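Data block below; observations after.
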Amino acid sequence: MFEQAVYDVLDYDVSVKADPMSQSISGTTIMTARVVIPTNVIVVDLDTPLAVEKVTEGGSVVRYQRKEGRIWIWFPMTKQAGEIIKTSISYAGKPRLAPNPPWVGGFMWKKTPNGADWISVALQNDGADLLFPCKDHPSDKAATSSMHITVPDPLIGVGPGKAAGTKKNSDGTTTFSWRMTNPISNYSLVFNAAPYRLIKDSVKSITGEDIPIEFYILPENIEKGRKLIDETKKYNAFFEKYLGPFPFRSQKLGIVETPHLGMEHSTAIAYGNQYKFAEDGLDWLMLHEFGHEWWANLVTASDWRDFWIHEGFQSFLDTLWVEETKGKEAYFTAMKNRQRGFKNRQPVAPREPKIAYQVYMSEPDYLNSDGDIYGKGAYILHTLRYLIGDEKFFRSLRRMSYPTKEMEAITDGRQTRLVTTDDFKTIAEQESGIELGWFFELYLRQPKLPRLIQEGTQFRWETPNDLPFPMPIDVVVDGKTQRVEMRDGKGSVNAAGGPLVVDPHGWVLRAQ
Ligand SMILES: [Zn+2]
Numbered sequence: 073m074f075e076q077a078v079y080d081v082l083d084y085d086v087s088v089k090a091d092p093m094s095q096s097i098s099g100t101t102i103m104t105a106r107v108v109i110p111t112n113v114i115v116v117d118l119d120t121p122l123a124v125e126k127v128t129e130g131g132s133v134v135r136y137q138r139k140e141g142r143i144w145i146w147f148p149m150t151k152q153a154g155e156i157i158k159t160s161i162s163y164a165g166k167p168r169l170a171p172n173p174p175w176v177g178g179f180m181w182k183k184t185p186n187g188a189d190w191i192s193v194a195l196q197n198d199g200a201d202l203l204f205p206c207k208d209h210p211s212d213k214a215a216t217s218s219m220h221i222t223v224p225d226p227l228i229g230v231g232p233g234k235a236a237g238t239k240k241n242s243d244g245t246t247t248f249s250w251r252m253t254n255p256i257s258n259y260s261l262v263f264n265a266a267p268y269r270l271i272k273d274s275v276k277s278i279t280g281e282d283i284p285i286e287f288y289i290l291p292e293n294i295e296k297g298r299k300l301i302d303e304t305k306k307y308n309a310f311f312e313k314y315l316g317p318f319p320f321r322s323q324k325l326g327i328v329e330t331p332h333l334g335m336e337h338s339t340a341i342a343y344g345n346q347y348k349f350a351e352d353g354l355d356w357l358m359l360h361e362f363g364h365e366w367w368a369n370l371v372t373a374s375d376w377r378d379f380w381i382h383e384g385f386q387s388f389l390d391t392l393w394v395e396e397t398k399g400k401e402a403y404f405t406a407m408k409n410r411q412r413g414f415k416n417r418q419p420v421a422p423r424e425p426k427i428a429y430q431v432y433m434s435e436p437d438y439l440n441s442d443g444d445i446y447g448k449g450a451y452i453l454h455t456l457r458y459l460i461g462d463e464k465f466f467r468s469l470r471r472m473s474y475p476t477k478e479m480e481a482i483t484d485g486r487q488t489r490l491v492t493t494d495d496f497k498t499i500a501e502q503e504s505g506i507e508l509g510w511f512f513e514l515y516l517r518q519p520k521l522p523r524l525i526q527e528g529t530q531f532r533w534e535t536p537n538d539l540p541f542p543m544p545i546d547v548v549v550d551g552k553t554q555r556v557e558m559r560d561g562k563g564s565v566n567a568a569g570g571p572l573v574v575d576p577h578g579w580v581l582r583a584q
């Protein structure tokens, strides 16, 4: 909306006091922003259960009005483009409880297995305004941010970035400060609190730098936590090999044990998979959430319509891990299994702006994911890999992560980017030398899958709205694989009459 487009957030300084007894919070958020269009009014989001107590700008009390989940703030004089505003909002209330975290989010006031208080927040789909007043749009990440978390003793409040001091208060609480000096999405500006213990470790990046590891863990799980760290080091080597260095090595590789399954909170990844390691040691949840440090936190969709760049890219990497550890056949099987999860009800990457829930779920109840931005997104990348070949595909992936080699060396925040689906199309076209408009149009901009029609040795694509689809396909004839080129959506094989096996590896995503 216009009253939010007029400013660009530079920094959030979020102070929040959480009281498990009353399940309520109170706090003050100081938002520093640059005015980009002259204005005397701005709009900030804050969830309805939280009441505004005071608003100041530059230290002076200013007029505000609450309208549903928004705060309209008026300045006495028009702020000019380029002017810096410093808006402080004090608020309090009982924040929304999470009905189905992490998917339908909010606050969790839980107990650890030992009976201690355990506070957690997850709100990716709902918006960070469930916790603090903010401009709740993915296109505006604060360049830097601070959190000051006040919780009753002996809880420890964990936030993003680096620990920036603790202060014991006279009322039996302690304030834990955190400072993040890289850009961060609003939904990662959350905290968890419990009587955590801290496991410290480090891992060497491919850059040669040491990445500090900090795992805030329940005391009863320390041994399992060490195993999770060893696993995570392997995942880091894997992601760095394909995507470039861990993007937040100037901050930390942080993990926090949570009562919900997990979330990719940058530098403080929420982990709640209860150490369910597979036989080979894999913790799929940790692999997935940690990979989001690249696909979501380094490279962020500028609107939720491109949410698949987070979930589809990372789901592809999850499956690539199978190839890395178990070989190509296992990879093909794992990718084929993904196809059971698609619904094909709406485009994976719609062109119009969307809120997160609209893209995540087509069901009106907003309770179950369609799976399309995950599995279908991953499968689309798998098919692109077949179309342009491994070398060009993996170069495209790497450039989507870091567009240049120079950017891989940057750690001050400028390495992070806001992206769109078309950015990836451009990269894949530049790397492959192939025009890919038809590929993106069919797979990402409309929901239905193409169907391969076979008549004897002849093949043709049947596509929704007769979209062009010159997608080649493998056909095995007498034990030999032929790549049928399908120019104009048609092709044929030379066969003497033996049985034909179409696309035995399942490279090409199509209606079954
Ligand atoms: Zn995910």
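Everything in the sequence shown is counted per our numbering, starting at 73 for the first residue and increasing by one. We treat Cβ as the ideally placed atom computed from N, Cα and C, and that holds for glycine. Treat the numbers as computed from the prediction; the structure is a model and nothing was measured.
Next on the checklist: Is residue 418 near ligand 3 - that is, is its Cβ less than 7 angstroms away from at least one heavy atom of it?
Outcome noted: Annotation note on ligand 3: not contained in the displayed structure, which lists ligand 1 as its ligands.
Next on the checklist: Quick check on the burial criterion: 16 or more other C-beta atoms within 10 angstroms. Buried or exposed for residue 159?
Outcome noted: In the sequence shown, counting from the first residue as 1, residue 159 sits at position 87. Flag for residue 159 reads buried.
Item to check | Element boundaries [alpha helix (DSSP H), containing residue 136] | outcome: Taking the first residue of the sequence shown as 1, we reach residue 136 at position 64. Here residue 136 belongs to no alpha helix (DSSP H); instead the beta strand (DSSP E) covers 135–139.
Next on the checklist: Report the CB separation of residue 452 from residue 516 in whole angstroms; it is logged as a contact under 8 angstroms.
Outcome noted: The sequence position of residue 452 within the sequence shown is 380, counting from 1. The sequence position of residue 516 within the sequence shown is 444, counting from 1. So it is a contact: roughly 7 angstroms between Cβ atoms.
Checklist entry - By a C-beta neighbour count over all protein chains shown, 10 Å radius and 16 as the cutoff for buried, is residue 348 buried or exposed? => result As a working mapping, residue 348 is identified with position 276 in the sequence shown. Its Cβ having fewer than 16 others within 10 Å, residue 348 is exposed.
Checklist entry - Using a Cβ-Cβ cut-off of 8 angstroms (strictly less than) and excluding sequence neighbours within five positions of residue 567, which residues of its own chain qualify? => result Numbered from 1 along the sequence shown, position 495 holds the residue referred to as residue 567. Excluding sequence neighbours, residue 567 sits near 529, 549, 550.
Item to check | Same chain only: Cβ atoms within 8 angstroms of residue 407, ignoring 5 sequence neighbours per side | outcome: By 1-based counting over the sequence shown, the position of residue 407 is 335. Taken in chain order, the residues that qualify are 391, 450, 451, 454, 578.
Item to check | With 16 other Cβ atoms within 10 Å as the buried cut-off, status of residue 197 | outcome: As a first step, residue 197 must be located in the sequence shown, where it is residue number 125. Residue 197 should be labelled buried.
Item to check | Cβ-Cβ distance between residue 203 and residue 88 below 8 angstroms | outcome: Sequence index remark: in the sequence shown, residue 203 carries index 131 (1-based). Sequence index remark: in the sequence shown, residue 88 carries index 16 (1-based). Cβ atoms of residue 203 and residue 88: closer than 8 angstroms.
Checklist entry - Taking the runs of the alpha helix (DSSP H) that are 4 residues or longer, which of them lie wholly in the region 171–248? => result none
Item to check | alpha helix (DSSP H) runs contained entirely in the region 452–505, provided each spans 4 or more residues | outcome: 462–473, 493–504
Checklist entry - Can you name, in chain order, every residue of its own chain whose Cβ lies under 7 angstroms from the Cβ of residue 321, other than the five neighbours on each side? => result For the purposes of this step, residue 321 is taken as residue 249 along the sequence shown, with counting starting at 1. Result list for residue 321: 277, 281, 283, 483, in chain order.
Checklist entry - Under 7 angstroms from any heavy atom of ligand 1, does the C-beta of residue 332 make it? => result On the sequence shown, residue 332 is found 260 positions in, with the first residue counted as 1. No, the beta carbon of residue 332 sits no closer than 7 angstroms to any heavy atom of ligand 1.
Checklist entry - Once you ignore the five residues that flank residue 235 on each side, which residues in its own chain have a CB closer than 7 angstroms to its CB? => result Looking up residue 235 in the sequence shown gives position 163. For residue 235, where only same-chain residues beyond five positions count, the Cβ hits under 7 angstroms are 250.
Checklist entry - For the 8 angstroms Cβ check, are there 3 or more pairs between the region 319–335 and the region 361–377? => result By the C-beta criterion, the region 319–335 is judged to be in contact with the region 361–377, since at least 3 inter-stretch pairs fall below 8 angstroms.
Checklist entry - residue 400: which of 377, 422, 462 sits nearest, CA to CA? => result On the sequence shown, position 328 is the one that residue 400 refers to. The closest CA to that of residue 400, considering only 377, 422, 462, is found on 462.
Item to check | Which of helix, strand or coil DSSP assigns to residue 120 | outcome: Translated into positions along the sequence shown, residue 120 becomes position 48. Here residue 120 sits in coil by DSSP.
Item to check | Of the listed residues 476, 174, 486, nearest to residue 357 (C-alpha basis) | outcome: Position 285 of the sequence shown, counted from the start, is the residue given in the question as residue 357. The option with the nearest alpha carbon to residue 357 is 174.
Next on the checklist: So, with DSSP's three-state summary, where would you put residue 445?
Outcome noted: In the sequence shown, residue 445 corresponds to position 373, counting from 1. In the structure shown, residue 445 sits in a helix (DSSP, three-state: H, G or I).
Next on the checklist: So, with DSSP's three-state summary, where would you put residue 40?
Outcome noted: Within the shown structure, residues of the chain are numbered from 73 to 584, placing residue 40 beyond reach of any answer.
Checklist entry - Taking the beta strand (DSSP E) that residue 424 falls in, what are its first and last residues? => result Within the sequence shown, numbered from 1, the residue matching residue 424 stands at position 352. It is not in any beta strand (DSSP E) - residue 424 carries neither H nor E in the DSSP assignment.
Checklist entry - Alpha carbon to alpha carbon, what distance is there between residue 108 and residue 77? => result Sequence index remark: in the sequence shown, residue 77 carries index 5 (1-based). Sequence index remark: in the sequence shown, residue 108 carries index 36 (1-based). About 8 angstroms.
Checklist entry - CB of residue 411 to nearest heavy atom of ligand 1: below 7 angstroms? => result Counting from one through the sequence shown, the residue named residue 411 turns up at place 339. No - ligand 1 has no heavy atom lying nearer than 7 angstroms to the Cβ of residue 411.
Next on the checklist: Helix, strand or coil, according to DSSP, for residue 362 in the structure here?
Outcome noted: Within the sequence shown, residue 362 is the residue found at index 290, counting from 1. In the structure shown, residue 362 sits in a helix (DSSP, three-state: H, G or I).
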